[in-house]
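A.B. asks: Pasting in a structure now, in structure tokens, and then I'll have a few things to ask.
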Amino acid sequence: MSSTDTYYARNAQQFIADTLQVDMQALYAPFLAALPANAQILDAGCGSGRDALAFQQLGHSVSAFDACPQMAEHASQLLGQAVPVRCFTEVHEVERYDGIWACASLLHVAENRLPDAFARLWRALKPGGVLYCSFKRGQSERLHHERHFTDADEARLAAWVQPLPGLTRTQYWSSADQRPGRSEQWLNALLHKAPSKLVTGGEAHPFLPHLCAAIHQAHQVDMAVAFIKTTGLRLLLPDLLESLQRNESALPPAQVRILTSDYLDVTDPEALRLLMLLAEQGAQVRVYQSSGSSFHLKAYLFAGQDWGRAFIGSSNISRQALQQGLEWNYRIDYPGDDGYLEAQRRFDELFAHPRCAELSDAWIDAYEKRRIPPTQAFEPGSTESEPPPTPSKIQREALQALSATRTEGYLRGLVVLATGLGKTWLAAFDVKQMGARRVLFVAHREEILNQAAATFARIQPSARIGFYRGQQRDYQVDILCASVQTLGKAEHLQRFKPQHFDYLVVDEFHHASAPTYRSLLQHFAPAFLLGLTATPDRTDNADILALCDDNLVYQSDLFCGVTERLLVPFHYYGIFDDDVDYQAIPWRNGRFDPELLGNKLATLGRARHALSTWRLHAQQRTLAFCVSTRHADFMADYFRKQGVRAAAVYADSPLSRGEALQRLSAGQLQVLFSVDLFNEGVDLPSIDTVMMLRPTESKILFLQQLGRGLRKADGKDRLVVLDFVANHQSFLHKPMALMNRSMNHRQLAEFARKAEQGQLDLPEGCFVNYDLQFIDFLKSLDSDSVQSDYRSLREVLGRRPSLTEFYRSGASLQDMRRQHGHWFALVASEESELPEVGRQLIAKHGDFLRELETTAMTKSYKMVLLEAFQELDGWREAIRMEQLAERSWQVLQRRRPLLGDLPEDYQGARQMPADWLSYWKRNPIAAWTGGRYFSSEEGLFIGNLVIAEPAIAPLSEMVQELVDYRLTSYATRLKPADDNVLPLPNRPQQVELAYFPSLKIACGHFRSSRADYEEYRSLGSHYGNLDPSRHFLARASGNSMNGGKQPIRDGDYLLLEVVGSDSAGKITGETVAIERQDESGDNQYLLRKVLKDANGQYRLRANNPDYADIQVTDELREQLRTFARLKAVIDPLEMQVGQRFKREDIPPLFGVEFNPGSWNSGHVVIDERNAHVLLVTLNKQGKAEDLRYRDHWIDEQHFHWQTQNQTAPDNKRGKEIIHHAALGIDLHLFVRDNKLENGKAAPFRYYGKVNYQSHSGSKPMSVVFAVQP
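Quick note on UniProt numbering: the sequence shown kicks off at 1 and runs consecutively.
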């Protein structure tokens, strides 16, 4: 026994006590980062077993030994496994361990024996493995306290390990002794063993990561394979495209040459079409025409500036060969093996062989015609194929809606689909459904265009697909994928006729209001235009919907995807980011200063916070989004130092995207820190945790990042989202995006209160939790000012909101106009950076802008004319009436919902009617030219405003913004409250009337003869001939009229008719609405009956006898203005027809409280109101098949209902149903389609009162009702 062994035997307990609790995390990190998941680790000289235990607890398989029996015994007890006593000379294993840990152990070996000790450990290490060792820093061999020490520096250690075969890299670093009172400096080293030259394949050693890594690093990529299957090519396509599209800042674009063959017709034609996409990017692709001879090459060659690498073996390009199959491929590295140079020469010769034809669409067409695919596999993967793509349930619904919208005559439509539900796939399916021959797909990012091209190739394999971007100019193709930045320029648009494309797809349509998009949309006139977006709410859709002719074809949000089980449920944690002071970072135009933001985010304190949060909540595979490459590298380095297998990946990172995903999927990585690469366009189903370590500038970006983890995968039951939020306006859009609705500050505060109480309405299986600090921040936003609403919306959007967006957000336009006069006056007061030309226009033409914003509209015609006027450039020169009428007709055809305004004989016309010009002159032209701002002369329509040339474009934008708002608000009046599959019966001659919450608000509007109201209600023909320009609805306030035979109670709905102030003689005996200015200058608004005494004196009388009559003296007459007469008091329930209510919200409609015992049934009797309430679910899930559909609509006016089992015609309840009219009982019908909606109890829609028609049967009875008109 050596003196060192004797020392440790005698002092084992003290040594264990001194070292067992020392923090070694910083040393573990680089070692563990180099290991695969579930690695085999040898702790060589394990001492107390401290390090072996740490590795074991991380899930690795650990073996250990020590030369000291006492140490080995302690380690054995600590690990719960045998720890043998042995020394380095007894290590005989061969290629068994992924990692060997020799911490402070080799330093006790004599220097002359160290080469043998290293050799033995090295032999035990697997190819590709790592060996960690540490020495006290120095240059001597010495004896200290009976122990032998061999000290080392970099030079001495390098000399000892230099003979080790396959040593590819040595990492050195220094560290200080972590034990208290110790000051020694240590040299640490990590020795990397070359991976095996033979890649053996299978799930443990797949070939794919080797290819991805080589593509990522190479300047030259050459591949020669016997066949290419689509399944395999898709695995390589992202890295190949990335290598072709590199910018010069890191590596130059790669030169890519691919050679395959038609040998035995194994190569997929679809794969060849995908290779044409690579050829579009500059790759050279050729096909060896075998003509019956064999072609069995499987060679992959890569070259950098001063290196080369080849893989030659058995793998063709198929999924099985690259990921799963046992395939041998031998690696040749140059310099070191000149065989690489020979392989390169032979490839060059073969690529130039006369039998090698350049791949083209024509060659593929001919190949498809003569190809006879093999029925039996002659090599692994030779017969594998992808199942034909089929639309999902949501996509099928959207396709049906798109087909229907074209049948209705629409030329444009918008579809909103959440990230992960397949927007691009939907477009490709619909192109095929419509049979479009020429397709234009427009987007603003390269990745989207590449993804779209691949998707269309999948749906239409025989289509010719090209690109229009950068320097690429493909014209003669079936499907053109174009960059809006390129094609949107006038000189490029002019190369295409407006009707050149049958079908136009605009992805990320939320960008479509930008000038480049608008010019493109105005130029092309396809048979159909489809706008696609994932934007989650109507506020974001507000402006862009006008560009799709106000035609929202289909919408399915994140919650729908989860409910339909197309996406996994999510557990969302809003983590308060108290390590960063976001208020101190400059914030301009909706963005933080990127450099300062990156500096603030890459700190140790924040990294510690992120790590602790991740350890508390994360699952197996995490994708983390960072703000910069520096941030990603910093976070990955910190996580690795804490023992987490982590890596950073971005455009120029050492790790390729494909290799990173493969390692993450295989469990070799736990966390991937990314910058931009994975925001969209990449399928990442295995991701089960998303960590958002950066602010996102928009809802779209937030949803794209969230969507990376929502896709389903085997064994994945939920997504965990760790989102770092703070008390800054940049984070306000996140709750809105998550909950699929816009919110102003008041609504955000209400959301926070619901979140705090756990009352958020979420799909089944979903969970949302915000840290209390963020909840408090949201609650502090509570405010009801117009300025607050405006600023909150601007903060969310990152720009000035439009009036439509402000309207859609729920802000009060009445308050806005009362305080500022009109919209652009508010804009001018809030926007300090508003261009001076815009500010001058608002000051000079404010009256005109207010006129457009508030002019009365009983039809849409005024705004349609203005849109046509602007499209014809009317501010520059007068327009002929014929042109204006024709363009107006075209605008109406685009905006299909407005066609209902036309006379019935015009509505179905495909061509402009012969008398259209005269009709148009009588309507909006006469209305506009009768005012100050437009005139007509000699057949011309003239804008009277004098506008300088530089101000024309800004004015046009302002006018269009107002037109879009007026048409949006007008169209809202024409639509039902909510989409629902239940039919809402046609109620005869329903009329939309303006609705005001009070007489005061109503009076304010009609005083100025404006029609800038925001709400409407419908009334039927039984109230007489109603005119929307004269009749309106308002709520009564107070109890002065609560009395007599026809009491008017506080809150009752009133139908009123506008009258002039000189109508007193015409309204004697009627109840009127009066405005009275009292002595303080404040106005009062009264309902009173007008009476006339015998002496001709007028009195105003209240129905409530507690209120005295008001004598109308001459002095008082000057203070009174009669502005409306009462036509009827409306039953409040009638105003709710068509609205939807939760079960617990229905009882208050009848003045009673919700009692679950009675209201959870389908038939509720309210005796005090003489009312029966029928609560019907049409599709009764869980019931027997023959019971599910007993309740149903017969037609739009008649409903078939089955009573409860105990109801019979001769018992009390049955009689009350049959004879309800005679008994004075009202029957109220509430219906819903399904029991659940988005995983929650579905609301009921109120259809109003129904009348008994007939019945059959008993216990239960089958009853037919007619819906009251």
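The beta-carbon is built from N, C-alpha and C at its ideal position, and this holds for glycine as well.
What does DSSP give as the partner residues of asparagine 1251 in its beta bridges?
C.D. replies: Paired residue(s): Ala1266.
A.B. asks: At 4 residues or longer, and completely inside the region 221 to 254: list those alpha helix (DSSP H) runs for me, N to C.
C.D. replies: Listed in chain order, they are 230 to 244.
A.B. asks: Check whether the Cβ atoms of serine 105 and glycine 45 lie closer than 8 Å to each other.
C.D. replies: It is a contact, given that the beta carbons lie within the stated cut-off.
A.B. asks: Among all the DSSP beta bridges, which residues are the ones paired with leucine 623?
C.D. replies: Leu672 and Val690.
A.B. asks: Quick test of the definition: if touching needs 3 or more C-beta pairs under 8 Å, does the region 782 to 790 touch the region 804 to 818?
C.D. replies: Short answer: they touch.
A.B. asks: Along the chain, where does the beta strand (DSSP E) that runs through arginine 1101 open and close?
C.D. replies: Unbroken beta strand (DSSP E) run through arginine 1101: 1098 to 1101.
A.B. asks: I'd like the list of long-range same chain contacts for glycine 561, defined as Cβ closer than 8 Å, with 5 residues on each side in sequence excluded.
C.D. replies: Counting only Cβ-Cβ distances below 8 Å, and skipping sequence neighbours, we find Ile394, Ala418, Gly420, Leu421, Leu567 and Leu710.
A.B. asks: From this set, Val1152, Leu27, Asp1191 and Leu1091, which residue's C-alpha is nearest phenylalanine 55's C-alpha?
C.D. replies: Of the listed residues, the one whose Cα sits closest to phenylalanine 55 is Leu27.
A.B. asks: Between which two residues does the beta strand (DSSP E) carrying threonine 168 extend?
C.D. replies: Element bounds for threonine 168: 167 to 176.
A.B. asks: Among residues of its own chain, excluding the 5 on either side of valine 416, which ones have a beta-carbon nearer than 6 Å to its beta-carbon?
C.D. replies: Excluding sequence neighbours, valine 416 sits near Thr533 and Gln555.
A.B. asks: Which whole-angstrom value is the C-beta distance of leucine 235 and leucine 322, which I expect to be below 8 Å?
C.D. replies: Their Cβ separation, rounded to whole angstroms, is 6 Å, which keeps leucine 235 and leucine 322 in contact under 8 Å.
A.B. asks: Determine contact between the region 880 to 887 and the region 910 to 930, defined as no fewer than three beta-carbon pairs at a distance below 8 Å.
C.D. replies: The region 880 to 887 vs the region 910 to 930: in contact.
A.B. asks: Got a sec, what are the start and stop residues for the beta strand (DSSP E) proline 127 sits in?
C.D. replies: Counting along the chain, the beta strand (DSSP E) containing proline 127 begins and ends at 125 to 136.
A.B. asks: Mapping DSSP to helix, strand and coil, what is residue 1271?
C.D. replies: There is no way to answer for residue 1271, as the model of the chain reaches only from 1 to 1269.
A.B. asks: Assuming contact is defined by CB atoms lying nearer than 8 Å, are leucine 601 and arginine 694 in contact in what I supplied?
C.D. replies: Taking 8 Å as the Cβ cut-off, leucine 601 and arginine 694 qualify as a contacting pair.
A.B. asks: Just how far apart, CA to CA, sit asparagine 316 and cysteine 87?
C.D. replies: One C-alpha to the other measures close to 47 Å.
A.B. asks: Roughly how many angstroms lie between the CA atoms of serine 261 and aspartate 333, to the nearest whole one?
C.D. replies: Using only the alpha carbons, I get a separation of about 26 Å.
A.B. asks: Nearest chain D C-beta to arginine 246 closer than 8 Å, yes or no?
C.D. replies: The structure shown contains no chain D, having only a single protein chain.
A.B. asks: For aspartate 5, which residues of its own chain have a beta-carbon under 7 Å away from its beta-carbon, when the five flanking residues on both sides are left out?
C.D. replies: Cβ neighbours of aspartate 5 beyond the five flanking positions: Ala67 and Cys68.
A.B. asks: Mind the definition here: the region 603 to 616 touches the region 631 to 642 only if three or more C-beta pairs lie below 8 Å; say whether that holds.
C.D. replies: Flag = yes, the region 603 to 616 and the region 631 to 642 touch.
A.B. asks: For leucine 703, tell me which candidate among Pro388, Glu795 and Asn740 has the shortest Cα-Cα distance.
C.D. replies: Closest option to leucine 703, Cα to Cα, is Asn740.
A.B. asks: Check whether the region 1067 to 1079 touches the region 1088 to 1096, counting contact only when three or more Cβ pairs, one atom from each stretch, lie closer than 8 Å.
C.D. replies: Enough Cβ pairs lie closer than 8 Å, so yes.
A.B. asks: Could you say which of Leu274, Val221 and Ala226 lies nearest to arginine 257 if we only look at CA atoms?
C.D. replies: Nearest option by C-alpha distance: Val221.
A.B. asks: So the candidates are Glu270, Ala401, Val1059 and Pro735; which of them puts its Cα closest to the Cα of phenylalanine 227?
C.D. replies: The candidate whose alpha carbon is nearest that of phenylalanine 227 is Glu270.
A.B. asks: In chain order, what residues of the same chain have a beta carbon less than 7 Å from the beta carbon of glutamine 162, not counting five sequence neighbours either side?
C.D. replies: Cβ within range, chain order: n/a, list empty.
A.B. asks: Using DSSP's beta-bridge definition, name the partner residues of tyrosine 770.
C.D. replies: The partner list for tyrosine 770 (beta bridge, DSSP) reads Gly574.
A.B. asks: Are isoleucine 214 and phenylalanine 302 closer than 8 Å when you measure CB to CB?
C.D. replies: Rather than isoleucine, the amino acid found at residue 214 in this sequence is alanine. Yes, they are a contact pair.
A.B. asks: How do the region 620 to 627 and the region 657 to 677 stand: do at least 3 beta-carbon pairs fall below 8 Å, yes or no?
C.D. replies: Contact holds: three or more Cβ-Cβ distances are below 8 Å.
A.B. asks: Can you tell me the Cβ-Cβ gap for tyrosine 933 and phenylalanine 848, rounded? I've got them flagged as a contact below 8 Å.
C.D. replies: Correct: roughly 5 Å between the Cβ atoms.
A.B. asks: When burial is assigned at 16 or more other CB atoms within 10 Å of the CB, is isoleucine 372 buried or exposed?
C.D. replies: When all chains shown are included, isoleucine 372 counts as exposed.
A.B. asks: Is the CB-CB distance between isoleucine 459 and proline 389 below 8 Å?
C.D. replies: Taking 8 Å as the Cβ cut-off, isoleucine 459 and proline 389 qualify as a contacting pair.
A.B. asks: Just to confirm the assignment, what range does the beta strand (DSSP E) spanning histidine 144 have?
C.D. replies: 141 to 144 is the extent of the beta strand (DSSP E) around histidine 144.
A.B. asks: Taking only runs that begin and end inside the region 279 to 351, name each unbroken beta strand (DSSP E) of 3 or more residues, in chain order.
C.D. replies: Qualifying beta strand (DSSP E) stretches, in chain order: 284 to 288, 298 to 303, 308 to 313 and 329 to 334.
A.B. asks: Are the region 747 to 763 and the region 718 to 727 touching by the rule of at least three beta carbon pairs closer than 8 Å?
C.D. replies: Output reads no: the region 718 to 727 does not touch the region 747 to 763.
A.B. asks: Suppose contacts are defined by Cβ-Cβ distances below 8 Å. Is arginine 1099 in contact with aspartate 1109 by that definition?
C.D. replies: Taking 8 Å as the Cβ cut-off, arginine 1099 and aspartate 1109 qualify as a contacting pair.
A.B. asks: Grab the span of the beta strand (DSSP E) containing valine 725 for me, first residue to last.
C.D. replies: Taken as a continuous stretch (DSSP letters only), the beta strand (DSSP E) holding valine 725 covers 719 to 725.
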